[in-house]
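Visitor: Residues 25 to 561 in my numbering are what the sequence shown lists, from first letter to last. Built from N, CA and C at the ideal position, the CB exists for glycine as well. Quick caveat: nothing in here was measured; it's all calculated off a predicted structure.
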Amino acid sequence: AAIVEHTFNVGNLTVERLGRSQVITAVNGQFPGPKIEARDGDTVVVHVVNNSPYNMSIHWHGILQRQSSWADGPNMVSQCPIRPGGGRYTYRFNITGQEGTLWWHAHVSFLRATVYGALLLRPAPAEGYPFDKPHREATILLGEWWNASVVDVERQALLAGGAPNNSVALTINGLVDGDHQLLAVERGRTYLLRIVNAALNYQLFFKVAAHSFTVVAADACYTDPYHTDVIVVAPGQTVDALMRADAHPGRYYMAAQVYQSLANATYSATATALITYYHQDDATPPEMPSMPAFNDSATAERFYAGLTGLLRDSTPTVPLHVDTRMLVTFGLGVTPCAPEQTLCNRTLGSVAGSMNNVSFQFPAAMSLLEAHMRGDPDGVYTREFPDRPPVMFDFSGEAGAGAAFAFTSKGTKVKALRYGETVEVVLQNTAILGAENHPLHLHGFNFYVLAQGAGNFNAHRHVRAYNLVNPHQRNTVAVPTGGWAVIRFTADNPGVWIMHCHLDSHLPFGLAMIFEVDDGPTPDAVLPPPPPDYPRC
Ligand code: C2O
Numbered sequence: 025a026a027i028v029e030h031t032f033n034v035g036n037l038t039v040e041r042l043g044r045s046q047v048i049t050a051v052n053g054q055f056p057g058p059k060i061e062a063r064d065g066d067t068v069v070v071h072v073v074n075n076s077p078y079n080m081s082i083h084w085h086g087i088l089q090r091q092s093s094w095a096d097g098p099n100m101v102s103q104c105p106i107r108p109g110g111g112r113y114t115y116r117f118n119i120t121g122q123e124g125t126l127w128w129h130a131h132v133s134f135l136r137a138t139v140y141g142a143l144l145l146r147p148a149p150a151e152g153y154p155f156d157k158p159h160r161e162a163t164i165l166l167g168e169w170w171n172a173s174v175v176d177v178e179r180q181a182l183l184a185g186g187a188p189n190n191s192v193a194l195t196i197n198g199l200v201d202g203d204h205q206l207l208a209v210e211r212g213r214t215y216l217l218r219i220v221n222a223a224l225n226y227q228l229f230f231k232v233a234a235h236s237f238t239v240v241a242a243d244a245c246y247t248d249p250y251h252t253d254v255i256v257v258a259p260g261q262t263v264d265a266l267m268r269a270d271a272h273p274g275r276y277y278m279a280a281q282v283y284q285s286l287a288n289a290t291y292s293a294t295a296t297a298l299i300t301y302y303h304q305d306d307a308t309p310p311e312m313p314s315m316p317a318f319n320d321s322a323t324a325e326r327f328y329a330g331l332t333g334l335l336r337d338s339t340p341t342v343p344l345h346v347d348t349r350m351l352v353t354f355g356l357g358v359t360p361c362a363p364e365q366t367l368c369n370r371t372l373g374s375v376a377g378s379m380n381n382v383s384f385q386f387p388a389a390m391s392l393l394e395a396h397m398r399g400d401p402d403g404v405y406t407r408e409f410p411d412r413p414p415v416m417f418d419f420s421g422e423a424g425a426g427a428a429f430a431f432t433s434k435g436t437k438v439k440a441l442r443y444g445e446t447v448e449v450v451l452q453n454t455a456i457l458g459a460e461n462h463p464l465h466l467h468g469f470n471f472y473v474l475a476q477g478a479g480n481f482n483a484h485r486h487v488r489a490y491n492l493v494n495p496h497q498r499n500t501v502a503v504p505t506g507g508w509a510v511i512r513f514t515a516d517n518p519g520v521w522i523m524h525c526h527l528d529s530h531l532p533f534g535l536a537m538i539f540e541v542d543d544g545p546t547p548d549a550v551l552p553p554p555p556p557d558y559p560r561c
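(1) Name the DSSP beta bridge partners of N453, please?
(2) Cutting at 7 Å between CB atoms, please list the residues of its own chain near E325, excluding the five before and the five after it.
(3) When the Cα atoms are used, what is the spatial distance from E364 to A181?
(4) Report the rounded CA-to-CA distance for F409 versus S383, giving the unit in angstroms.
(5) Can you tell me the Cα-Cα spacing of L535 and L216, whole angstroms?
(6) Within the continuous alpha helix (DSSP H) that includes V177, where are the two ends?
(7) Alpha helix (DSSP H) containing V484: first to last residue?
(8) Since L298 contacts L206 with CB under 8 Å, what's their CB separation in whole angstroms?
(9) If you check the beta carbons only, do P273 and Q304 fall under 8 Å apart?
(10) Return the first residue and the last residue of the alpha helix (DSSP H) that Y328 is part of.
(11) Could you name the residues whose beta carbon sits closer than 7 Å to any heavy atom belonging to the ligand C2O, keeping them in chain order?
(12) Return the chain-ordered list of same chain residues with a C-beta closer than 8 Å to the C-beta of F237, the five sequence neighbours on each side being excluded.
(13) Can you name the start and end residues of the beta strand (DSSP E) that H129 belongs to?
(14) Counting pairs of Cβ atoms below 8 Å between the region 59-77 and the region 99-119, do you hit three or more?
(15) Figure out for me which residue from P105, L144 and L135 has the closest Cα to the Cα of I87.
(16) First and last residue of the alpha helix (DSSP H) that includes L393?
(17) Pairs of beta-carbons, one from the region 188-208 and one from the region 275-289, closer than 8 Å: are there three or more?
(18) Quickly, what does DSSP pair K231 with across the bridge? List them, please.
(19) Of the choices N369, N517, L224 and S314, whose alpha-carbon is the least far from that of A233?
(20) Tell me the rounded alpha-carbon separation between D203 and T296.
(21) A222 and Y140 look like a contact to me (Cβ under 8 Å); what is the Cβ gap, rounded to whole Å?
(22) Of the choices V28, E29 and S45, whose alpha-carbon is the least far from that of N36?
(23) Can you check which of these residues, V132, Q54, D96 and E29, is closest to L531 by C-alpha distance?
(24) Flag this pair as touching only if the region 325-334 and the region 490-499 have three or more C-beta atom pairs under 8 Å; answer yes or no.
(25) Tell me, which residues are paired with E540 by DSSP?
(26) CB V358 to CB L372, shorter than 8 Å?
(27) Sort V177, S93, A241 and H159 by Cα distance to T214 and report the nearest one.
(28) R275 to G212, Cα distance in whole Å?
(29) Which residues share a DSSP beta bridge with N33?
(30) Could you round the C-beta distance between E445 and A549 to whole angstroms and report it? I think they count as a contact, below 8 Å.
(31) Who does E161 pair with in a DSSP beta bridge?
(32) Between which two residues does the beta strand (DSSP E) harbouring I511 extend?
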């Protein structure tokens with residue numbers, strides 16, 4: 025086991041995109057930011073120095089953070105921000121039983137639009153991959169670009185209580201220019217593509233012309249080999265896919281295209297980059313893949329439903345006994361405009377995201393984790409998060425059903441869990457306002473996706489469809505619009521963990537909830553005290 029140490033200097037960077045120059049927030053003058061590579065068992069140490077003009081915090085998306093909730097990163101959940109003007113914090117965490125592709129990103133405001141990078145976890149040398157060793161690998165970070173400061177884009181949306189301005193382009197590895205060569209391949213060889221959706225607000229389809237893939241992992245959890253010519257990836261999710269270079273030696277586009285689940289959406293965008301064969305004898309222009317329709321939900325659903333988890337020693341590991349069952353409805357609704365929302369339409373109100381009709385409010389005075397450690401959440405949060413929504417109805421279209429959820433309550437309420445208990449959550453997308461898929465991300469755990477489907481979850485009908493043998497594991501599940509997903513996890517990691525929509529515009533609107541996990545009985549089940557430089561407010 026090694027110590028993998030980095031210093032992240034966060035500051036302004038001027039870059040040229042779409043023919044104009046734009047000041048962005050970036051790490052070490054790089055966009056995308058530095059790649060972190062580690063192996064199972066390593067300790068990662070990242071010294072963050074904030075010389076940007078904004079509050080900063082960094083989240084290591086998908087890292088389990090066992091006994092290191094202090095290093096998780098979400099602003100005002102696990103820490104207060106690292107202050108501008110030279111504020112510092114050292115994130116320190118262990119890689120425990122994880123392999124595959126993850127990523128890191130800012131977890132404050134919209135800053136993750138430009139503050140992000142890959143976090144690659146390789147198997148221990150003696151172990152190797154559970155598939156034939158690829159000849160080479162390529163990291164493919166998919167993102168979004170604004171011709172504006174993303175902090176302004178977010179501020180504008182919050183003042184108006186509505187959706188933010190759309191990005192103006194998609195990016196591949198930070199570039200909007202569609203003809204950059206991303207990968208050179210040799211005919212007959214196999215390549216591992218590590219694909220990350222770092223976009224803020226869009227699910228994406230990904231294809232390579234004339235090639236198909238074998239998916240081998242999602243969210244750094246191995247899957248059974250799954251053959252497909254299209255990959256679907258929601259914000260926050262990653263896919264590891266093998267691609268065999270078996271086409272005529274030439275040039276081929278890879279393309280990422282917005283997948284819209286929103287009923288009457290019109291926005292669409294595509295980003296491309298090139299894959300070039302060595303020794304190509306082909307002077308013809310590169311070929312574009314034929315992409316699915318931008319609203320092709322059937323293709324998206326088929327992809328997600330096709331994934332199963334790889335059982336490395338053929339023993340199912342899903343917890344079969346469930347201690348706590350929750351039904352969590354979530355989506356967007358409206359709430360009266362707050363006084364500070366000066367651009368908000370007083371008649372229509374402001375958009376509010378909610379779970380079980382509670383719109384999550386970030387605390388201001390102290391992070392949730394610090395209050396948890398003090399054992400005195402008074403004034404910061406209450407343990408009142410409901411296990412069920414206040415009313416049930418047919419989320420798939422009962423007339424007037426939305427009225428019951430139109431106005432959400434607001435609060436900082438957490439769901440307390442005993443150490444080691446098993447939790448099943450039925451996630452029901454209410455699709456009341458802005459009927460779209462929501463990628464829900466849980467910090468601190470991987471969960472099993474037992475089943476997912478369209479319409480209302482129905483216990484009698486759907487329990488029979490649970491995969492309790494080899495469901496795939498994830499940290500982010502895209503719950504279909506007006507549909508549901510069932511997840512299960514074991515609460516064996518003490519600390520405070522947020523579950524939220526990874527569409528970045530929905531987080532400040534409150535589409536989030538918190539799990540608070542107690543210390544367990546043994547020393548390896550206790551959250552150690554915070555590091556000395558832990559940022560407080
Ligand atoms: Cu990738 Cu809470 O986020």
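Guide: Let me lay it out:
(1) In the sequence shown, residue 453 corresponds to position 429, counting from 1. In the DSSP output, where bridge partners are listed per residue, N453 has F354.
(2) The sequence position of residue 325 within the sequence shown is 301, counting from 1. Closer than 7 Å at Cβ, skipping near neighbours: P504.
(3) As a working note, residue 364 is residue 340 in the sequence shown. As a working note, residue 181 is residue 157 in the sequence shown. Straight across, the Cα-Cα distance linking E364 with A181 is about 12 Å.
(4) The residue labelled residue 409 in the question sits at position 385 within the sequence shown. The residue labelled residue 383 in the question sits at position 359 within the sequence shown. One alpha carbon belongs to F409, the other to S383, and they sit about 11 Å apart.
(5) Taking the sequence shown and counting its residues from 1, one reaches residue 535 at position 511. Taking the sequence shown and counting its residues from 1, one reaches residue 216 at position 192. So the two alpha carbons sit approximately 34 Å from each other.
(6) To locate residue 177, count along the sequence shown from 1; it is residue 153. V177 -> alpha helix (DSSP H) spans V174 to A184.
(7) Position 460 of the sequence shown, counted from the first residue, corresponds to residue 484. In the sequence as displayed, the identity of residue 484 is His instead of Val. Taken as a continuous stretch (DSSP letters only), the alpha helix (DSSP H) holding H484 covers A483 to H486.
(8) Position 274 of the sequence shown, counted from the first residue, corresponds to residue 298. Position 182 of the sequence shown, counted from the first residue, corresponds to residue 206. That pair is a contact at about 6 Å.
(9) Looking up residue 273 in the sequence shown gives position 249. Looking up residue 304 in the sequence shown gives position 280. Yes, these two residues count as a Cβ contact at 8 Å.
(10) Taking the first residue of the sequence shown as 1, we reach residue 328 at position 304. Taken as a continuous stretch (DSSP letters only), the alpha helix (DSSP H) holding Y328 covers S321 to A329.
(11) With the criterion CB distance below 7 Å from any heavy atom of the ligand C2O, the matching residues run H83, H85, P98, H129, H131, G260, H465, H467, I522, H524 and H526 along the chain.
(12) One-based indexing of the sequence shown puts residue 237 at position 213. Around F237, the same chain offers L217, H251, T252, D253, I255, A265, L266 and M267 as residues with beta carbons nearer than 8 Å, after the five sequence neighbours per side are excluded.
(13) Position 105 of the sequence shown holds residue 129. Unbroken beta strand (DSSP E) run through H129: G124 to A130.
(14) Yes, the region 59-77 is in contact with the region 99-119.
(15) If you number the sequence shown from 1, residue 87 lands on position 63. Nearest option by C-alpha distance: L144.
(16) Your numbering for residue 393 matches position 369 in the sequence shown. Segment L392 to R398, the alpha helix (DSSP H) holding L393.
(17) The region 188-208 vs the region 275-289: in contact.
(18) As a first step, residue 231 is located in the sequence shown; it is residue number 207 there, counting from the start. DSSP lists A279 as partners of K231.
(19) Position 209 of the sequence shown, counting from 1, holds the residue named residue 233. The residue with the shortest Cα to Cα distance from A233 is S314.
(20) Walking along the sequence shown from the start, residue 203 turns up at place 179. Walking along the sequence shown from the start, residue 296 turns up at place 272. The straight-line gap separating the alpha-carbon atoms of D203 and T296 is approximately 7 Å.
(21) On the sequence shown, position 198 is the one that residue 222 refers to. On the sequence shown, position 116 is the one that residue 140 refers to. Correct: roughly 5 Å between the Cβ atoms.
(22) The residue given as residue 36 occupies position 12 in the sequence shown. Closest option to N36, Cα to Cα, is S45.
(23) As a working mapping, residue 531 is identified with position 507 in the sequence shown. The shortest C-alpha separation from L531 is found at V132.
(24) Cβ pair count under 8 Å is three or more, so yes.
(25) Stepping through the sequence shown from its first residue, residue 540 is reached at position 516. Beta-bridge partners assigned by DSSP to E540: A440 and V520.
(26) Here residue 358 corresponds to residue number 334 of the sequence shown, with the count starting at 1. Here residue 372 corresponds to residue number 348 of the sequence shown, with the count starting at 1. Yes. Within cutoff.
(27) Sequence index remark: in the sequence shown, residue 214 carries index 190 (1-based). Checking every option, the nearest Cα to that of T214 belongs to H159.
(28) The sequence position of residue 275 within the sequence shown is 251, counting from 1. The sequence position of residue 212 within the sequence shown is 188, counting from 1. Those two C-alpha atoms are separated by around 15 Å.
(29) Within the sequence shown, numbered from 1, the residue matching residue 33 stands at position 9. When DSSP reads this structure, N33 sits in a beta bridge with V73.
(30) Along the sequence shown, read from residue 1 onward, the residue named residue 445 stands at position 421. Along the sequence shown, read from residue 1 onward, the residue named residue 549 stands at position 525. That pair is no contact at about 12 Å.
(31) As a position in the sequence shown, residue 161 is number 137, starting the count at 1. DSSP links E161 through a beta bridge to L216.
(32) The residue labelled residue 511 in the question sits at position 487 within the sequence shown. Element bounds for I511: G507 to T514.
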